[in-house]
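Asks:
Numbering (this note's numbering), first residue to last: 447 to 1116.
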């Protein structure tokens, strides 16, 4: 579909579209050129298609193109014995959305060592026992890492290449993302085993069963001589096979190329593929599928522009009509589609500007009338487009495409169970010429072909979804405008989702986390009866009686301006039911300079009590780098800010040790 055309006029949930391929790199380049100027890079998630066949080998990359990694040893300790964690050690994992699907993060632990990022340096810390904790080695990189994985004696580092340079005859126009694989069997001397660089900007990464799934996003303009994305495997550069790039026969407004790279840590190989999607994607991964979603809106301006073209083009002079045909015939290599549209619009609007005032008003009235007729053909003006990509090891295959009305909130808006995708959306409020519609919220279920199975629509009109959590056959959902309706929705029959109960209380939760089968933790804000946001709030909801959920406990910060990154970043949330432990980063700036703080708040939490136990301080009166993450090993709590790792007793919160995360130029380099 060419740029500027609009979508079908109604939502047909039973319809599906199949992915299409390009016959040659030249065809893909022509497709990409037709969209030049239609948008830039948005940082979100994405992915694509089948397993990759052998690519075309290109030029060799000079050795200097590899990451110039400096490894430093700080303490002579024996090499690790090859196991990923001490036997029987109790330690926390990354707070992943799906069990068994690890998400890249800036800190990882194996129960004995901690691996973490500050700036461009990776610190490897002998963390347990805490009293003896110390940095034993560092890896200094040229670019800031975005995430880490640990797999037994392998450390995986991912991030964007900060300084882009021409490599041979290749000039990266869409950024480069690196994946560095280290052997850490000797923690004091990590060794770089392999490095991949792929064209595109880092979006997301997951790991399961020894396969890292790296997701990158790039624009549609590529380097001369390299019309498709490149993959740098060690010292060799090659192009992604054109058969592995797919698109859908649907309209694109801000097209981008989203690539998925399946990197096997076992044989250090990479398979890559890509798909054309819209900007601003969200990624959710189950055990066998990756879902990439983005929001598509019906653009009223584009509709009105097309209507004015239809009304005015027949009235133009023969000379103007001929000029428009010449513009349309120009090759896309010379004028992009957007440039053509702009030139044609200038001709039409110049004609309209010289019409008598009464004719201009009649024209506007007619255009408004036709626009209203056109808008009535659309059942919804906002859609979530969904792509399902099947994942089996390093094999990646585009499987289905579908859409549902509304937009999602984040990755927790999606969940898959028993081959059924469940998704929660909000339809935004709309205004047009003094008229408006209320926002509303929906829950849909879809099969593996992304055909609609069932839905529950028009929940909490006038409000929007702030958080969702799918647990088993239920969805827990929070909407907000003035008060916080906490919904319990039954999804046991995908064809007939139904509301079981709801609770209305002041405030809202931006993140929901299961405490156990019948209790849910909420992190968010308190609010007045008029909806004005107030202090930081932690709630505990009892859903034992699903028809009458209740808030059994809550904690509200006395500091009105207190905030926590755990509202928006689930990896910053640390919880252990066995330890009655809840930890969140928190920050409060006191304008009088007396009550501010910066650190991690530690709570005692049970099924009916939330009690603040204390603060692990990382700054004075709210100043200093914020706490980024926390974790535990056995009876010790570790909290990490940019330059500091604090170790405290979980039982007493007394300080055990602090480890400064700084580099020392005197340390021996490897």
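Glycine is no exception: its CB is placed at the ideal position from the N, C-alpha and C atoms.
Can you name the start and end residues of the beta strand (DSSP E) that residue 903 belongs to?
Replies: Its beta strand (DSSP E) spans residues 898–905.
Asks: Using the Cα positions of residue 1018 and residue 694, report the straight-line distance between them to the nearest angstrom.
Replies: So the alpha carbons of these two residues sit roughly 37 Å apart.
Asks: Closer than 8 Å is the cut-off here; do at least three beta carbon pairs connect the segment 793–805 with the segment 761–773?
Replies: The segment 793–805 is in contact with the segment 761–773.
Asks: Helix, strand or coil: how does DSSP classify residue 952 here?
Replies: Strand, per DSSP.
Asks: Once the 5 residues before and after residue 597 are set aside, which same chain residues still bring their CB inside 8 Å of it?
Replies: Result list for residue 597: 530, 653, 656, 711, in chain order.
Asks: To the nearest angstrom, how far is it from the Cα of residue 576 to the Cα of residue 1100?
Replies: Those two C-alpha atoms are separated by around 12 Å.
Asks: Using C-beta distances below 6 Å, list every residue in its chain close to residue 731, excluding the 5 sequence neighbours before and after it, in chain order.
Replies: Hits under 6 Å: 547, 652.
Asks: Look at residue 419 and residue 627 and say whether their C-beta atoms are less than 8 Å apart.
Replies: Nothing can be reported for residue 419, as the shown portion of the chain is limited to 447 through 1116.
Asks: Would residue 910 and residue 890 be called neighbours here (beta carbons separated by less than 8 Å)?
Replies: No, the pair does not count as a contact, with Cβ atoms beyond the cut-off.
Asks: Grab me the residues of residue 857's own chain with a C-beta within less than 7 Å of its C-beta, minus the 5 sequence neighbours each way, in chain order.
Replies: Excluding positions up to five away in sequence, the list reads 543, 728, 729, 730.
Asks: So, using beta-carbon positions, are residue 1084 and residue 573 closer together than 8 Å?
Replies: Yes, they are a contact pair.
Asks: Determine the DSSP secondary structure at residue 759, reduced to helix, strand or coil.
Replies: Correct three-state label for residue 759: helix.
Asks: Contact between the segment 954–967 and the segment 935–942: three or more CB pairs below 8 Å?
Replies: Counting Cβ pairs under 8 Å, fewer than three are found: no touch.
Asks: If you run the structure through DSSP and keep just helix, strand and coil, what is residue 619?
Replies: In the structure shown, residue 619 sits in coil (DSSP, three-state: anything other than H, G, I, E or B).
Asks: For the pair the segment 577–584 and the segment 611–623, tell me if three or more CB-CB distances fall below 8 Å.
Replies: No, the segment 577–584 does not touch the segment 611–623.
Asks: Indicate the three-state DSSP secondary structure (helix, strand or coil) for residue 813 in the structure shown.
Replies: In this structure, residue 813 counts as helix in the three-state DSSP scheme.
Asks: Helix, strand or coil for residue 1095 per DSSP?
Replies: Three-state result, residue 1095: strand.
Asks: Cutting at 8 Å between CB atoms, please list the residues of its own chain near residue 522, excluding the five before and the five after it.
Replies: Unreliable positioning characterises residue 522 in this predicted model, as indicated by a pLDDT of 44, which lies under 50. The coordinate reading is nonetheless provided below. Contacts found: 634.
Asks: What is the rounded straight-line gap between the Cα of residue 804 and the Cα of residue 790?
Replies: Taking the straight line from one Cα to the other gives about 24 Å.
Asks: Specify whether the segment 691–705 and the segment 822–830 touch according to this definition: at least 3 beta carbon pairs, one from each stretch, less than 8 Å apart.
Replies: At 8 Å Cβ cutoff, the stretches do not touch.
Asks: Looking at the ligand MN, does it come within less than 7 Å of residue 765, judged from the CB to the closest heavy atom?
Replies: The model on display carries no ligand, and the ligand MN is accordingly not part of it.
Asks: Between 464, 465, 463, 474, which lies nearest to residue 779 when the distance is taken from Cα to Cα?
Replies: Taking only the C-alpha atoms, the option nearest residue 779 is 474.
Asks: Straight-line CA distance for residue 510 to residue 612?
Replies: At residue 510, the pLDDT of 31 sits below 50, so the modelled position is not reliable; the number obtained from the coordinates is stated separately. Taking the straight line joining both Cα atoms gives about 12 Å.
Asks: In angstroms with no decimal places, state the Cα-to-Cα distance between residue 916 and residue 639.
Replies: Cα-Cα distance, rounded: 39 Å.
Asks: What is the rounded straight-line gap between the Cα of residue 745 and the Cα of residue 665?
Replies: Using only the alpha carbons, I get a separation of about 22 Å.
Asks: Taking residue 971 as the reference, give the member of 537, 980, 756, 850 with the closest Cα.
Replies: When each option's Cα is compared against that of residue 971, the closest is 980.
Asks: Along the alpha helix (DSSP H) that carries residue 472, what are the first and last residues, could you check?
Replies: 471–479 is the span of the alpha helix (DSSP H), which, as asked, contains residue 472.
Asks: Can you tell me which of the three DSSP states residue 1006 falls into?
Replies: Of the three classes helix, strand and coil, the one that applies to residue 1006 here is coil, per DSSP.
Asks: What does a CB cutoff of less than 7 Å around residue 1023 pick up in its chain, not counting 5 residues either side in sequence?
Replies: Once the five neighbours on either side are set aside, the close Cβ partners of residue 1023 are 961, 962.
Asks: How many Å lie between residue 787 and residue 801 at the Cα?
Replies: Their backbone Cα atoms lie some 22 Å apart in a straight line.
Asks: With a CB to CB cut of under 7 Å and the five nearest residues on each side skipped, what residues in its chain are close to residue 1103?
Replies: Excluding residues within five positions, the ones whose Cβ falls inside 7 Å are 576, 577, 579, 1093.
Asks: Can you tell me which of 477, 674, 1044 puts its alpha carbon nearest to the alpha carbon of residue 1005?
Replies: Selected option, being the one with the closest Cα: 1044.
Asks: If you pair each beta-carbon of the segment 886–901 with each one of the segment 863–872, do three or more pairs fall below 8 Å?
Replies: Short answer: they touch.
Asks: Under a three-way DSSP split, which group does residue 1100 fall into?
Replies: Three-state result, residue 1100: coil.
Asks: What's the gap between the Cα of residue 817 and the Cα of residue 807?
Replies: The alpha-carbon atoms of residue 817 and residue 807 are separated by roughly 15 Å.
Asks: Give the straight-line distance between the Cα atoms of residue 565 and residue 603, rounded to the nearest whole angstrom.
Replies: Near 13 Å, if we compare the C-alpha coordinates of residue 603 and residue 565.
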